[in-house]
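With the first letter of the first sequence counted as 1, position 299 gets the number 288 in the numbering used here; the numbers rise by one all the way through.
Think of the CB as a built atom: it goes at the ideal place given N, C-alpha and C, for glycine as much as any other residue.
Scroll down for the structure; my scribbles are underneath it.
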Amino acid sequence: MSLSLYDTFSREVRSLQPLDGETLRFYCCGPTVYGPAHIGNFRTFVMQDVFRRVVEASGSATRHVRNITDVDDKTIRQSQEENRALSEFTSEWTARFHKDCDALGILHPHVEPSAVEHLPEQIDLISQLIGKGHAYRTDDGSVYFDVNSFPAYGKLSRLAEREITTGEIDREQSDEYDRASAADFALWKAARPEDGPNHWQSPWGQGRPGWHIECSAMAMKHLGESFDLHSGGVDLVFPHHENEIAQSEAATGKTFAHHWLHIAHLTVEGRKMSKSLGNLYTLEDLAERGHTPMELRYVLISGSYRQPLNFTFDSLAAAKKSLTRLGNWQHRLGGDTEIHSPGKGDFGPFAPVLEALLNDLNTPEAIGRLHSIGRKVMAMANAEELSPAETKAASEGLSLVLRCLGLVLPNPENAPATNIDEPPASVNKLACERLEARQNRNWEAADQLRDQILEAGWTVLDNPDGFSLEPLETKTEITDHQS
RNA sequence: GGCGAGGUAGCCAAGUGGUAAGGCCGGGCUCUGCAAAAGCUCUAUCGCGGGUUCGAUUCCCGCCCUCGCCUCCA
């Protein structure tokens, strides 16, 4: 069974099968590494990860390329401001990105090309475009793509149906880069003083590549001139992906990507994320509030990728509870807890979950089915109504589902892992006394001791082996502002 | 203004031409000395007004509201 997936280009849900019959080749626009990625960025990367996992579960191999944008306006400006070498600056943020991705259980792409390491490929592509009359050099040594030379321009974003705001070019841009038509976009940008040492030799003089060209060059290098699917956030539909199509197809005459996957944006508490609103959260910000990356992952896949998703701290708390519950199930059924890709397998009683995922990556439906099927299966398991074979099937099915979703669940046996603080000896002593009182069935004394422990700022929880102590929730509410 | 998406229970969020998945919260119950945890269970007629239909939340029209993109933001 293959995946049906909405295609931005044709605007319909289409069955997705590898062009070469074997390996589904796809390209994801990666991060610009000039700072920490925020949870909105991660929605895209997490959904792309689920996409890959589902394709692999459906039986296809994949070849996943995701770039690192390490040479552009933002990386150059920021590194210059910090007085640091571009490569040092970007490799630091690249490392941070990798760390975050790992924490979120995002599989590593098979190839992760860096823009600055693919300058020859980009220059070559630009040369081809000039040669074929699709691009021109300006007096300052920049090169632009001539949009008028490519009649199909705008077909992805249906630009023809829009009112193009020509003439409304940013003043600063038009002063510095002298393009012929407002719609034309830079393939190569001539060096500017403020770029510092960040310019490279080209047939058109010192400069650096434009933003869009890197993806065309790297995608074609690592996936071929024509490949299965291209993906990114919705904001990339125009102009980034539109421009990629124009550059690539003008150069090769072939269809660039056969399917376009775009992930809708994340809003935060009902509002667009922005620096001025102070709601651009990073994984670090969430960690400071006591939330784990997996909780975020769960939230990010709890809505349809085609719809804007509203992130709230309540949903993060809900995710924690759900994960705990799923973790209990997995523990009781005894499945494995690896993060790796699912591959093809028998989903057993959880087959309807895979079905939901194959239906345009319907992750909310899948999660709903996971819960309702899981509840039934666990009820039977608890009533000891499952044969060993059925238990095994359920266990394997659950593991496969979790791997499709990329969820790594908390193990109830190491449950209080969040509690790093050791209780002071005095509190511990009170708790021991309370245990003794309980063993003597002296409930009054036990309750009194619990009150004392509470006053000391700790909660005592009874369990079969004795007790555990947890610090009282210091409710740092969400009222504090981001700086 | 152009293009696009959407308004479903306190919150998040699916879905269907035949009277609405799931999660969280809340209520009730079971278990437990009490708690906690866990388990069970209850809770919506789908923005407003028309229309098509035997029947619409699901299709069409109008209105109100929200949101995204419109040149380098995932």
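Spatial distance of residue i from residue j (CA atoms)
i: N417; j: A426; result: 14 Å
i: Y16; j: H251; result: 12 Å
i: S116; j: E110; result: 10 Å
i: P297; j: T83; result: 27 Å
i: E284; j: L225; result: 27 Å
i: S(-9); j: E231; result: 27 Å
i: L424; j: S457; result: 11 Å
i: S76; j: D59; result: 8 Å
i: L5; j: T79; result: 35 Å
i: V257; j: D113; result: 42 Å
i: A50; j: V44; result: 8 Å
i: R487; j: L(-6); result: With the chain covering -10 to 472 only, the question about residue 487 has no answer from this structure.
i: T(-3); j: G130; result: 35 Å
i: F34; j: L218; result: 15 Å
i: E459; j: T448; result: 5 Å
i: Y23; j: W189; result: 20 Å
i: K88; j: H27; result: 13 Å
i: G498; j: D274; result: Only positions -10 to 472 of the chain appear in the structure, and residue 498 is not among them; the question remains open.
i: D135; j: H201; result: 14 Å
i: G334; j: L145; result: 36 Å
i: L343; j: A370; result: 22 Å
i: A477; j: Q236; result: Here the chain has residues from -10 to 472 only, and residue 477 is not among them.
i: R0; j: G222; result: 16 Å
i: A74; j: L148; result: 39 Å
i: G267; j: R278; result: 15 Å
Where the beta strand (DSSP E) containing residue i begins and where it ends
i: I252; result: W249 to I252
i: L(-6); result: L(-8) to D(-4)
i: G222; result: L218 to G222
Per DSSP, cross-strand counterpart(s) of residue i
i: V54; result: Y16 and V100
i: F508; result: Residue 508 cannot be examined here, being either before or after the span of the chain that is shown, -10 to 472.
i: Y125; result: Y133
i: K178; result: R197
i: H281; result: Correcting the residue identity first, residue 281 is Thr in this sequence and not His. None; T281 has no bridge partner.
i: R430; result: DSSP output for R430 lists no bridge partner at all.
i: S4; result: S(-7)
i: T64; result: According to DSSP, which records beta bridges pairwise, T64 is partnered with nothing at all.
i: A246; result: F216
i: T313; result: None; T313 has no bridge partner.
i: W189; result: G196
i: L387; result: Paired residue(s): none; L387 is not in a bridge.
i: L255; result: L298
Backbone secondary structure at residue i - three-state DSSP
i: P405; result: Residue confidence is low: P405 scores 46 on pLDDT, short of 50, so the model does not pin down where it sits. No coordinate-derived value is stated.
i: P198; result: strand
i: E373; result: coil
i: N348; result: strand
i: L145; result: coil
i: K261; result: strand
i: N299; result: strand
i: L396; result: coil
i: A172; result: coil
i: A445; result: coil
i: T380; result: helix
i: L269; result: coil
i: S(-1); result: coil
Bounding residues of the alpha helix (DSSP H) (the contiguous stretch that carries residue i)
i: F31; result: I28 to A46
i: S76; result: L75 to A92
i: Q117; result: L108 to G120
i: N232; result: E231 to T241
Item checked: Touch test, the segment 180 to 188 against the segment 240 to 250, Cβ-Cβ under 8 Å, three pairs minimum -> no
Item checked: Cβ contact (3+ pairs, closer than 8 Å) linking the segment 302 to 313 and the segment 263 to 283 -> yes
Next item on the list: Report yes or no: do the segment 364 to 384 and the segment 347 to 356 share at least 3 C-beta pairs separated by less than 8 Å?
Entry: no
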